[in-house]
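A.B. asks: Structure provided below as structure tokens; questions to follow.
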Amino acid sequence: MSNQSGATYASAGVNIDKGNQFAQMIKTLVRANWPEAADQIGGFAGGMPIPPGARKVSGSVDGVGTVAILAALANMLTGIGHNGVAMSAVDMYVSGARPAFLLDTLRVGQLDPEKHIQIIESIIEACLTSGCIPIGGETAELPDVFRYPWMFDLDVSVIGFPDPELEYVPMEEGMHVYGWPSHGPGSNGFSLLRKVHRLRIQEDGFLGMIRKVFNLHGSKARVINNLMKPLSELGGNSLAEALLVPTPIWIPEMEEARKRGVRFAGHAHITGGGMVENIPRILPNDLKVTIWKYKIKRPPIFHYTQQMGNIEEAEMDRVFNQGVMVVSVVDPIGPEPYYPAFKIGEVRQREKKLGELEEQVDFRGQYC
């Protein structure tokens with residue numbers, strides 16, 4: 272008979288006790304901000320009353336992508352949940368629905384409750400900003416799914432309800448275009464960013480072992496060094512500080528502008544695809560927008576990335592937000608938004624050139 276003890280879930284890489292501890296930590300955070308929702312955490316499903324008069328429901332889901340790799344390497348997790356909420360909640364708001372409830376899925380290679388609770392804390396903070404309540408989620412410890420045990424991934428789903436107050440006025444030629452600033456890439460373009468700035472770990476196989484032993488490019492140690500060292504091109508900030516700055520959620524400021532009487536004809540959330548692909552999603556087929564690049568002050572990380580990667584500006588424009596998180600079309604008959612929004616263009620009639628309609632985003636000038 273074998274003297275070895277029997278196999279356990281923990282020995283296979285899944286620690287139930289830590290999972291239960293983490294769930295209680297989450298429940299405590301939720302109770303501190305939404306006592307009425309705390310009992311939903313840990314159940315089979317979360318449920319809350321719907322707003323009076325609601326006849327439809329809206330849903331939005333998004334993930335943070337490969338920025339999670341850099342956040343884990345830099346041990347800077349305090350903004351990553353904010354990014355996840357921003358992607359889904361702002362998508363919801365610009366679609367004419369108010370974010371109401373949130374569910375998240377956090378997948379980790381190896382659960383560390385004291386560390387990973389920072390992600391949940393940033394989700395809570397972003398929920399308070401965007402106006403949604405966390406009513407449930409999933410934390411999954413997944414050994415062997417991730418390349419390294421320190422890796423994680425985060426998805427956020429937001430449920431909301433269309434609100435007639437958020438309906439847009441008809442869009443017309445001559446309307447003004449405003450931008451709400453970004454502070455960095457948000458959660459988009461990080462596969463390109465990691466390639467350009469040598470932030471990809473390549474320790475597999477024989478060559479990977481050589482990189483690791485001799486601390487060459489591609490080793491985890493070298494990647495962390497590249498990520499954390501201050502750079503004069505970024506004003507003394509590191510790549511980690513420039514890349515991991517939390518995505519702004521401008522919903523309160525947009526609401527304040529609306530309540531002041533600003534007449535919005537549309538909002539475009541500038542995520543994957545940049546202004547090139549996201550602005551046309553809100554335009555009638557016969558209209559275009561002219562964007563004055565010289566009115567947009569890009570965060571230094573964009574210029575530095577373009578220079579380091581020798582990236583054509585057209586490629587930058589279709590990958591990154593280029594300093595603009597949300598584009599708003601505003602009727603000039605009435606008040607206009609003020610800081611932090613800034614005017615970046617106008618709506619014009621779309622014309623035919625050589626028998627084909629113009630592109631719907633017409634860039635002019637150079638970024639400042």
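Going left to right, the sequence shown walks through residues 272 to 639 as the working numbering numbers them.
Ideal Cβ placement from N, Cα and C applies to all residues, glycine included.
When the Cα of Thr518 is compared with those of Asp375, Phe591, Asn508, which residue comes out closest?
C.D. replies: Taking only the C-alpha atoms, the option nearest Thr518 is Phe591.
A.B. asks: Determine contact between the region 401-410 and the region 299-317, defined as no fewer than three beta-carbon pairs at a distance below 8 Å.
C.D. replies: Segments in contact, yes.
A.B. asks: Are the beta-carbon atoms of Ser458 and Gly594 separated by less than 7 Å?
C.D. replies: Not a contact, by the Cβ cut-off of 7 Å.
A.B. asks: Starting from Thr400, trace the alpha helix (DSSP H) both ways and give me its first and last residue.
C.D. replies: Run containing Thr400: 384-401, per the alpha helix (DSSP H) assignment.
A.B. asks: Enumerate in chain order the residues of its own chain whose CB-to-CB distance from Met296 is below 7 Å, with the five nearest sequence positions on each side excluded.
C.D. replies: Once the five neighbours on either side are set aside, the close Cβ partners of Met296 are Pro384, Ile388.
A.B. asks: Would you mind giving the Cβ-Cβ distance between Ser359 and Phe432, rounded to the nearest angstrom? I have them listed as a contact below 8 Å.
C.D. replies: At roughly 15 Å, the Cβ-Cβ gap does not stay under 8 Å, so Ser359 and Phe432 are not in contact.
A.B. asks: So, helix, strand or coil for Asp362, using DSSP?
C.D. replies: Helix.
A.B. asks: Using CA coordinates, which residue listed in Gly318, Leu374, Glu444, Tyr364 is at the minimum distance from Gly616?
C.D. replies: Of Gly318, Leu374, Glu444, Tyr364, the residue nearest in Cα terms is Glu444.
A.B. asks: Any idea what DSSP makes of Arg418, helix, strand or coil?
C.D. replies: Residue state, collapsed to three classes: coil.
A.B. asks: Report, in whole angstroms, the separation of the C-beta atoms of Met579 and Val494, which I expect to be a contact under 8 Å.
C.D. replies: Rounded, the Cβ-Cβ distance is 15 Å, inconsistent with contact.
A.B. asks: What's the C-alpha gap between Pro420 and Asp288?
C.D. replies: Taking the straight line from one Cα to the other gives about 18 Å.
A.B. asks: For Glu307 and Glu583, what's the separation of their Cα atoms in angstroms?
C.D. replies: Between Glu307 and Glu583, the C-alpha separation is close to 51 Å.
A.B. asks: Spatial neighbours of Gln620 within its chain, please: C-beta separation below 6 Å, excluding the five flanking residues on both sides.
C.D. replies: The residues are Glu444.
A.B. asks: Taking 6 Å as the limit between beta carbons, can you name the residues of its chain near Ala345, skipping five residues before and five after?
C.D. replies: Only Leu498, Ala511 meet the Cβ criterion.
A.B. asks: Which residues bound the beta strand (DSSP E) around Gln620?
C.D. replies: It spans 613-620 - the beta strand (DSSP E) in which Gln620 sits, taken as one unbroken run.
A.B. asks: Answer yes or no: do Lys559 and Phe634 have a C-beta to C-beta separation smaller than 7 Å?
C.D. replies: The answer is no: Cβ separation not under 7 Å.
A.B. asks: So what does DSSP say about Lys624, is it helix, strand or coil?
C.D. replies: Three-state DSSP puts Lys624 in a strand.
A.B. asks: Using the C-alpha atoms, what's the distance from His540 back to Leu514?
C.D. replies: Approximately 19 Å, taken between the alpha carbons.
A.B. asks: Which residues in the same chain have their Cβ closer than 6 Å to the Cβ of Lys491, if we skip the five residues on either side of it in sequence?
C.D. replies: These residues qualify, in order along the chain: Ile472.
A.B. asks: Determine the DSSP secondary structure at Arg471, reduced to helix, strand or coil.
C.D. replies: In this structure, Arg471 counts as coil in the three-state DSSP scheme.
A.B. asks: Check the C-beta distance from Asp602 over to Ala536 and give it rounded, since I have them as a contact under 8 Å.
C.D. replies: Confirmed, about 6 Å.
A.B. asks: Who are the near neighbours of Tyr638 in its chain, counting only those whose CB is closer than 6 Å to its CB and skipping five residues on each side?
C.D. replies: Same-chain partners within the cutoff: Lys564, Ile567, Arg569.
A.B. asks: Straight-line CA distance for Leu554 to Met422?
C.D. replies: Distance between the alpha carbons of Leu554 and Met422: 39 Å.
A.B. asks: Do you know how far the Cα of Ala397 is from the Cα of Gly352?
C.D. replies: The alpha-carbon atoms of Gly352 and Ala397 are separated by roughly 8 Å.
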